[in-house]
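Step one of this worksheet: look at the structure below.
If you want it as structure tokens, here you go:
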């Protein structure tokens, strides 16, 4: 297993959730709306419409519009709510530590992941609630006010999960 790189932790601290929260005037202890354990399948597809705006949606979509970042996020969603350590993510996706650090920083800035320190390791959690907000934002006016029609009709298979 890969050791936690000395480059990953400082980069996450500079661009991680606490830094972003402090810079935006929000409580620095918040996790960008991330509730480890929250699931899209819990039925809350449209529960947080109105908390995302155009700028938030663009930031979130831009963060996911890159193959490695999308792979990282999908891996973390599969391992929600416990998340994975940075070393395990790097090993499973065969990403060098500096590259992974860059991608995690971008995902954290978009509110898609948060991190917790566990001794000398950093555990990364997917903020599934952020995707719920994005889905709600994108479909809030869908189907002439009948959002239940817009719910996903088919769940992705593990093979399509990337």
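In this note's numbering, the protein residues as written are 74 to 235.
The C-beta atom is built at its ideal place from N, Cα and C for all residues, glycine as well.
Note that this is a predicted model, so its numbers are computed, not measured.
Coarse secondary structure for residue i, derived from DSSP in three states
i	result
residue 140	helix
residue 185	coil
residue 147	helix
residue 152	coil
residue 219	coil
residue 104	No answer about residue 104 holds up, because its pLDDT of 43 lies below 50 and its placement is not dependable.
Extent of the continuous alpha helix (DSSP H) run through residue i
i	result
residue 203	201 to 212
residue 160	159 to 166
Alpha-carbon spacing of residue i relative to residue j, whole angstroms
i	j	result
residue 134	residue 168	22 Å
residue 197	residue 181	10 Å
residue 186	residue 177	8 Å
residue 205	residue 175	24 Å
residue 141	residue 156	17 Å
residue 183	residue 159	18 Å
residue 151	residue 145	10 Å
residue 147	residue 217	31 Å
residue 219	residue 211	14 Å
residue 222	residue 125	21 Å
residue 215	residue 127	16 Å
residue 136	residue 195	21 Å
residue 149	residue 173	13 Å
residue 190	residue 153	17 Å
Buried or exposed by the 16-neighbour rule on C-beta atoms within 10 Å, applied to residue i
i	result
residue 200	buried
residue 162	buried
residue 192	exposed
residue 202	buried
residue 179	buried
residue 164	exposed
residue 138	exposed
residue 209	buried
residue 188	buried
Sufficient close CB pairs (3 or more, under 8 Å) joining the segment 125 to 133 to the segment 168 to 178: No: the two stretches stay apart, fewer than three of their Cβ pairs being nearer than 8 Å.
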